[in-house]
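Residue numbering for the sequence shown follows this note's numbering, starting at 25 and increasing by one per position.
Here's the structure, in structure tokens; my notes come after.
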Amino acid sequence: MPSPESVALEQMTRRAMMTVYTMISQRIRDHHHASSDIAALIDLLIANGTISYQEMVERRKASEDRLAKARAENWEGPQLHVSAPAPEVRIDCDSRQHACQSACCRLYRVNLTAEEVREGQVFWDLAVPYALPRRPNGDCVYLDPTTIKCTIWAQRPSVCRQYSCDKDDQVWADFNGIISTDRVKALTQIVREKK
Ligand code: SF4
Ligand code: SF4
Numbered sequence: 025m026p027s028p029e030s031v032a033l034e035q036m037t038r039r040a041m042m043t044v045y046t047m048i049s050q051r052i053r054d055h056h057h058a059s060s061d062i063a064a065l066i067d068l069l070i071a072n073g074t075i076s077y078q079e080m081v082e083r084r085k086a087s088e089d090r091l092a093k094a095r096a097e098n099w100e101g102p103q104l105h106v107s108a109p110a111p112e113v114r115i116d117c118d119s120r121q122h123a124c125q126s127a128c129c130r131l132y133r134v135n136l137t138a139e140e141v142r143e144g145q146v147f148w149d150l151a152v153p154y155a156l157p158r159r160p161n162g163d164c165v166y167l168d169p170t171t172i173k174c175t176i177w178a179q180r181p182s183v184c185r186q187y188s189c190d191k192d193d194q195v196w197a198d199f200n201g202i203i204s205t206d207r208v209k210a211l212t213q214i215v216r217e218k219k
């Protein structure tokens, strides 16, 4: 059981990290604006005959190679979930989990809203802000590996509340017939809790 001090430190660290990531997001937006200005300037220089189009293409190729290398590092910046308020979706999961294996909690990354991050009710992955941590096999850490039920159902994020699998062809080959896709069938079979 963590001490009150360690819980407080954890929460403070998360608030601090959110501030840092917010600043990074702003820098990324600034960068995009600067890129637009540079592109406009290049257009002007070419139009005025100051540089040739071929020179610009060659130099841009070198820049693209550098950016591709950066993207390979898989850093896309902090991702908060932004959505209009929507009603909670009701799917009878209990009657389907024998077929879906709780696929929605295993296939997809769940990002938190800014409010959910501030509330601090659920943890997010410090390495992948602001997404719920996942196990090495991709499962959400809040999914009980034995019962394949959500362990924080009452506090689950809005992404989980608003998600509906009824039209998700990654999950269902036939929603009404409760026939899952081959991708879901290939999910590691989990030993179910004996009742
Ligand atoms: S995939 Fe659909 S039925 Fe299965 S747990 Fe998720 S929402 Fe419920
Ligand atoms: S928080 Fe719960 S409902 Fe949401 S992905 Fe994780 S286990 Fe599933």
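Note that beta-carbon positions come from the ideal geometry of N, C-alpha and C, so glycine has one too.
Residue i: CB within 6 Å of a non-hydrogen atom of ligand 1
i    : result
R207 : no
I115 : yes
A92  : no
R180 : no
R83  : no
V141 : no
A110 : no
V195 : yes
Classification of residue i by the beta-carbon crowding that lies within 10 angstroms, buried from 16 upward
i    : result
L150 : exposed
P153 : buried
K218 : Residue confidence for K218 is low, a pLDDT of 33 falling below 50, so the modelled location carries little weight; the figure read from the coordinates is stated next. The residue is exposed, with fewer than 16 neighbouring Cβ atoms inside 10 Å.
S30  : exposed
V44  : exposed
S204 : buried
L33  : exposed
Q222 : Lying before the first or after the last residue shown, residue 222 is absent from the chain, which here runs from 25 to 219.
Q50  : exposed
Whole-number beta carbon distance between residue j and residue i, since they are thought to touch under 8 Å
i    : j    : result
A127 : Q186 : Incorrect: roughly 17 Å between the Cβ atoms, too far for contact.
L156 : V146 : 7 Å
C164 : C129 : 5 Å
M42  : V141 : 6 Å
Per DSSP, cross-strand counterpart(s) of residue i
i    : result
A151 : None, per the DSSP bridge assignment.
W196 : S204
R158 : C164
C128 : C128 is not bridged to any residue.
C174 : L167
N135 : A155
Top-ranked residue by Cα proximity to residue i, from the options
i    : options                : result
P181 : D67, E139, A58         : E139
T46  : N161, S107, P102, L156 : P102
N161 : Q179, A210, D192       : A210
L136 : R120, A123, Q179, C117 : Q179
V195 : C174, W177, C117       : C117
K191 : C174, V113, Y166       : V113
E79  : I66, L91, R90          : I66
H122 : T170, S76, Q50         : T170
Near ligand 2: residue i beta-carbon under 6 Å from a heavy atom
i    : result
L167 : yes
V223 : No information on residue 223 is available, as it lies outside the stretch 25 to 219 that the chain covers here.
C174 : yes
C129 : yes
C184 : yes
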